[in-house]
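Participant:
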Amino acid sequence: MKRRFILFLCLLPVFGLVKAQQTEKMYLSGTGNDQTVNWDFFCTAGANSGKWTTIPVPSNWELQGFGQYNYGFNKEANKGKEQGLYKYNFKVPADWKSRKVNIVFEGSMTDTEVKINGKLAGEIHQGSFYVFRYDISKLIRIGSDNLLEVKVSKHSANQSVNEAERKADFWIFGGIFRPVYLESLPQTHIERVQIDAKADGNFMANLAFVGDADKVEVSLTGKDGKRFGNKFSANIVKGTKKLALNNQFNQPAVWSSEFPNLYKATFTLFKNGKEVHQIAKNIGFRTIELRERDGLYVNGVKMKFKGVNRHSFYPKSGRTTSKKISIADVLLMKEMNMNAVRMSHYPPDGHFLDVCDSLGLFVMDELAGWHGTYNTPTGTKLLKEMMLNDENHPSIIFWANGNEGGHNRELDHLFPEEDIQKRPVIHPWEVFGGFETTHYREFNYGIGNYDHGHNILMPTEFLHGMFDGGHGAGIEDYWNAMWNNPLSAGGFLWDFADQGVVRTDKNGELDTDGNHGPDGIVGPYHEKEGSFYTIKEVWSPVFVERREMTAGFDGSFQVENRYAFTNLNQCSFSWKLSTFKSAKDDVVYKSGKIESPHVKPFEKGKLQVNLPKDWRSFDALYLTAKSPDGQELFTWSFPIALPQDDAAKIVLKEASAKVTINENGSNYEVTANGINLTFDKNSGLLKTAKNAKGIIPFSNGPILQEGENNFKGFSYKMDGQNLVISSKFDKKASYNTLEWTVYPSGWLKMQVKYFPSAYFTTFVGLNFSYPESEIKSVNYKGNGPYRVWKNRMKGNQFGIWQKDYNNSATGEAPWEYPEFKGYYANMYWCEFMGKTQNFKVVTDREDVFLRLFTPKKSKDTEYDNMSPTFPNGDISFMNGISAIGTKTQKPETTGPMGMKHVFYDFDKEPSRALDMTLYFDFSGSERNGK
177 MKRRFILFLC LLPVFGLVKA QQTEKMYLSG TGNDQTVNWD FFCTAGANSG
227 KWTTIPVPSN WELQGFGQYN YGFNKEANKG KEQGLYKYNF KVPADWKSRK
277 VNIVFEGSMT DTEVKINGKL AGEIHQGSFY VFRYDISKLI RIGSDNLLEV
327 KVSKHSANQS VNEAERKADF WIFGGIFRPV YLESLPQTHI ERVQIDAKAD
377 GNFMANLAFV GDADKVEVSL TGKDGKRFGN KFSANIVKGT KKLALNNQFN
427 QPAVWSSEFP NLYKATFTLF KNGKEVHQIA KNIGFRTIEL RERDGLYVNG
477 VKMKFKGVNR HSFYPKSGRT TSKKISIADV LLMKEMNMNA VRMSHYPPDG
527 HFLDVCDSLG LFVMDELAGW HGTYNTPTGT KLLKEMMLND ENHPSIIFWA
577 NGNEGGHNRE LDHLFPEEDI QKRPVIHPWE VFGGFETTHY REFNYGIGNY
627 DHGHNILMPT EFLHGMFDGG HGAGIEDYWN AMWNNPLSAG GFLWDFADQG
677 VVRTDKNGEL DTDGNHGPDG IVGPYHEKEG SFYTIKEVWS PVFVERREMT
727 AGFDGSFQVE NRYAFTNLNQ CSFSWKLSTF KSAKDDVVYK SGKIESPHVK
777 PFEKGKLQVN LPKDWRSFDA LYLTAKSPDG QELFTWSFPI ALPQDDAAKI
827 VLKEASAKVT INENGSNYEV TANGINLTFD KNSGLLKTAK NAKGIIPFSN
877 GPILQEGENN FKGFSYKMDG QNLVISSKFD KKASYNTLEW TVYPSGWLKM
927 QVKYFPSAYF TTFVGLNFSY PESEIKSVNY KGNGPYRVWK NRMKGNQFGI
977 WQKDYNNSAT GEAPWEYPEF KGYYANMYWC EFMGKTQNFK VVTDREDVFL
1027 RLFTPKKSKD TEYDNMSPTF PNGDISFMNG ISAIGTKTQK PETTGPMGMK
1077 HVFYDFDKEP SRALDMTLYF DFSGSERNGK
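Okay, here's the thing in structure tokens:
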């Protein structure tokens, strides 16, 4: 049989020394979902039950086709109660004979009974997310076959475990879902080391060991492998099993999310000058300080946490993940400019914490308890297991005792007792320990009221995502308030990824349990939603103040350094001037680097771009900021040419042909340069547009949305070579006006001046009809490629975008992004590519929104909070668009940007009317804008 040995990752590879000093590890399972080992398996109920077969370990058995799927909200009577029986044969190396051998389970759902060669290894373990071990030294047979038998009960016999872990808003699974291995230690060995390394270089450690040793030695090495500081040691008094160590190191490189400097601390036990055991831990020098009614300080800096909640999850394997997945998750979070993550709602895989340590992400580690709690004996045992496994990770700066009422207060005292670092303890959704962490407060209450509070404000969940709602929708308002409130420590969005699980019982369907699971910023396989980029911009540690690209622009940008530990002179900046040809041909004529300014954290300064003299001849300026490690923070885009400049180049007015008009019953029939147009004489609406190829099915507009369609009194006249059809203005009866101008070229101009029908409106603009079944794609100039909402405007870039039609609904299969349907900002022009005909629409007005059809309205909660409202008709050109809510909040409660539009004009003065001017090219030609 092939043995899988590995030294603990924290050990030094000093192979020339006596082997007894090493802790050895032999995997019985695989290491994650990307490397598994088959064990014999028997499932007692549900799918593929009642027979012995095999199963990969680690895994959740539902994902392997066994048992029953359940979401935590399912009724208790409908939840699967199956058990899984495992068998695995293994051999123990002969040279382990005189050593202590433990069997270690990193996670098993839920009650786990372990037998070695037919004998119980210890009491049944209850609790899914915790590393537990048994001493099996006296149960194993050295050098011959050993039989491991494990019985896992998905439903715990301990009701408090079910209350804490399985009555919850997430998928609940069964099985040995994290690795299993043997660890071999010398009889004299270190059992536990607790480390507190401060930013000033003070190093403290508590050491617990068993056996006979007379000295311990400690040394540190940096990432370059070189020793840091001097070794130090302490003699051990005979009979002592615990030891407190202390040393001062000079000017260590401190750990933070921005500069995750790690050292390796190596602890060696000696007996009579001989090394008997050695372990090593990755550590970071950093100081955490809670200052009452002020803030949470890391290394002397008051923090603003830009965080997200994360489940340990992957669609094909449930709670079984891998280090590769942990790296991908952390990199995506950092790509969004996040600096913190909350473990929801249980401790994660150890490799996730390793990655947070090495890549730099602050962590809130959580004892499980969704709304229910462990009883005190069970919680005490599990809390200590969590501490033993997680306590030395420098990334962990908070502990959370349960979630949203799942707080066993009898356990609170154990956190500081067990934690040498005395990290703050949080009760999420409670005012506790100096923190106000209430979840999902409305903007005016949760933020406005915060301004008059006294506690440190840090919602451990806010802007609850669901489908396309929440997250980026509202974050700009919330973050502006958080950033400017000295008592705010930021917060944690809910949540990172959609919980879509592969259903082996439903032909591989990806299931989110309706609207329970699609809460993520990214999809199940990390597909990026529009909110991803909004968050990336809003949470950029380099804040660039808005600038207009006028003739007087001198290339200077006012910037604010929102880093906590990084000077902007450690970042890099560049610029790019572009002239657009088409969506597929972005020609970069000129680009350059920018001298990084000296701007300290939380201060403001100037970024100077040395632009060429002809910069105003380009379409757009792009400004890119990169972090010290070269990762893009964000690229801001600034249009140079205005819509009126494009319109002047694109719209053709003159031609040799003449415009003709005939009155035919209730219609005006107009012909110009091969284009035939029909208008309703009474309403003024466009009824048909036709060219040599046939009818273009774009018609029945403009119809005002949330405005009175009171165009009346139409007449026509010739204005030179142009035909003008216009309505008559009357302050009482027809204060909204429509004017059509037909040019000899066949181009058609529409100008609507209108007043919204109410003081508050959800959206304002005008609609046309166009069959969705006809559209193939659009090619437009504006902000893209993602759609926007009134309260989610940031994150896109200005350019020309080619978008093929899709019917994707956010948070639902096939998770195809960017979505096609919805609102798009800052439209200059759009070419509609139909299955039979193409046509183009151009505007000379700024801030026009394009609306493409109506996305599917996914099934909301009973409160219908998201309210993703769209106008009537199919294609709209809007002056104002609607906002979107969250799973728990209506749009208007997410902040000022989520509120309805306000427009007031008491006497319908035409000069104060909204103006929508559009130009239509129905010739069917493709011009690509220029």
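Counting from 1, position 875 in the sequence shown corresponds to residue 1051 in this note's numbering; the numbering is continuous, with no gaps. All residues carry an ideal CB built from backbone N, CA and C; glycine is no exception. A quick note: this is a predicted structure, and the numbers were derived from the prediction, not measured.
1. Please name the residue, chosen from 357, 553 and 1054, that lies closest to residue 1022 on a Cα-to-Cα basis.
2. On a CA-only basis, which of 802, 586, 253 and 661 is nearest residue 511? Give me that one, please.
3. Between the C-alpha atoms of residue 907 and residue 714, what's the straight-line distance to the nearest angstrom?
4. Give the DSSP bridge partners of residue 607, in chain order.
5. Using the Cβ count rule (16 or more neighbours within 10 Å means buried), how would you classify residue 868?
6. Which runs of the beta strand (DSSP E) at least 3 residues long sit entirely within the region 778-811? Give them in chain order.
7. Who are the near neighbours of residue 185 in its chain, counting only those whose CB is closer than 7 Å to its CB and skipping five residues on each side?
8. How long is the line joining the alpha carbons of residue 224 and residue 350, rounded to whole angstroms?
9. What did DSSP end up calling residue 512 once you bin it into helix, strand or coil?
10. Between residue 518 and residue 636, is the Cβ-Cβ spacing less than 8 Å?
11. Between residue 1091 and residue 928, what straight-line distance do the alpha-carbon atoms span, to the nearest angstrom?
12. Residue 258 by DSSP, collapsed to three states: which one?
13. Can you list, in chain order, the residues of its chain with a C-beta nearer than 8 Å to that of residue 782? Leave out the 5 residues immediately preceding and following it.
14. Taking C-alpha atoms, which residue in 982, 698, 901 and 819 lies nearest to residue 507?
15. Residues in its own chain within less than 8 Å of residue 491 by CB, not counting five upstream and five downstream?
16. By a C-beta neighbour count over all protein chains shown, 10 Å radius and 16 as the cutoff for buried, is residue 228 buried or exposed?
17. Is it true that the CB of residue 796 sits closer than 8 Å to the CB of residue 816?
18. Would residue 1044 and residue 1033 be called neighbours here (beta carbons separated by less than 8 Å)?
19. In three-state terms, what does DSSP make of residue 430?
20. Can you list, in chain order, the residues of its chain whose CB lies under 7 Å from that of residue 373, leaving out five sequence neighbours each side?
21. Quick check on DSSP: helix, strand or coil for residue 897?
22. Grouping DSSP H, G and I as helix and E and B as strand, with all else coil, what is residue 574?
23. Report buried or exposed for residue 658, applying the criterion of at least 16 other Cβ atoms within 10 angstroms of its Cβ.
24. Please list the terminal residues of the continuous alpha helix (DSSP H) segment that includes residue 657.
25. Extract the residue ranges of the beta strand (DSSP E) inside the region 972-1003, only unbroken runs of 3 or more that lie entirely within it.
26. Can you give me the C-alpha to C-alpha distance between residue 1136 and residue 1093, rounded to a whole angstrom?
27. Tell me the rounded alpha-carbon separation between residue 570 and residue 431.
28. Just confirm the distance between the C-beta atoms of residue 923 and residue 829, as a whole number of angstroms; I'd bet it's less than 8 Å.
29. Could you round the C-beta distance between residue 791 and residue 753 to whole angstroms and report it? I think they count as a contact, below 8 Å.
30. Identify, in the order they occur along the chain, each residue of the same chain with its Cβ nearer than 7 Å to the Cβ of residue 329, setting aside the five sequence neighbours on each side.
31. Quickly, what does DSSP pair residue 1009 with across the bridge? List them, please.
32. According to DSSP, simplified to helix, strand and coil, what is residue 1070?
33. Helix, strand or coil: how does DSSP classify residue 303 here?
34. Helix, strand or coil: which one does DSSP assign to residue 747?
35. Measure the alpha-carbon distance for residue 600 versus residue 573 and round it to whole angstroms.
36. Examine the Cβ distances between the region 290-300 and the region 314-323 and report whether three or more of them are shorter than 8 Å.
Facilitator: Let me spell this out:
1. 1054
2. Nearest option by C-alpha distance: 802.
3. 43 Å
4. In DSSP, residue 607 forms a bridge with 612.
5. exposed
6. 780-784 and 796-802, all fully within the region 778-811.
7. Since pLDDT at residue 185 reaches only 36, below the 50 mark, its modelled position is unreliable, and the value read off the structure follows with that caveat. Same-chain partners within the cutoff: there are none.
8. Their Cα atoms are separated by approximately 14 Å.
9. coil
10. yes
11. 6 Å
12. coil
13. 732, 733, 734, 735 and 773.
14. 698
15. 676, 677, 678, 686, 700 and 701
16. exposed
17. Contact: yes.
18. Taking 8 Å as the Cβ cut-off, residue 1044 and residue 1033 qualify as a contacting pair.
19. coil
20. 379, 459, 460 and 461
21. coil
22. strand
23. buried
24. 648-660
25. Entirely contained in the region 972-1003, the beta strand (DSSP E) runs reaching 3 residues are, in chain order, 973-980 and 998-1000.
26. Absent from the structure is residue 1136, since the part of the chain shown begins at 177 and ends at 1106.
27. 7 Å
28. Contact between residue 923 and residue 829 is confirmed by a C-beta separation of about 6 Å, below the 8 Å threshold.
29. 6 Å
30. 259, 286 and 287
31. 953 and 1014
32. helix
33. DSSP places residue 303 in coil when its eight states are reduced to three.
34. coil
35. 7 Å
36. For the pair of segments examined, the region 290-300 was found to touch the region 314-323: the number of CB pairs separated by less than 8 Å reaches three.
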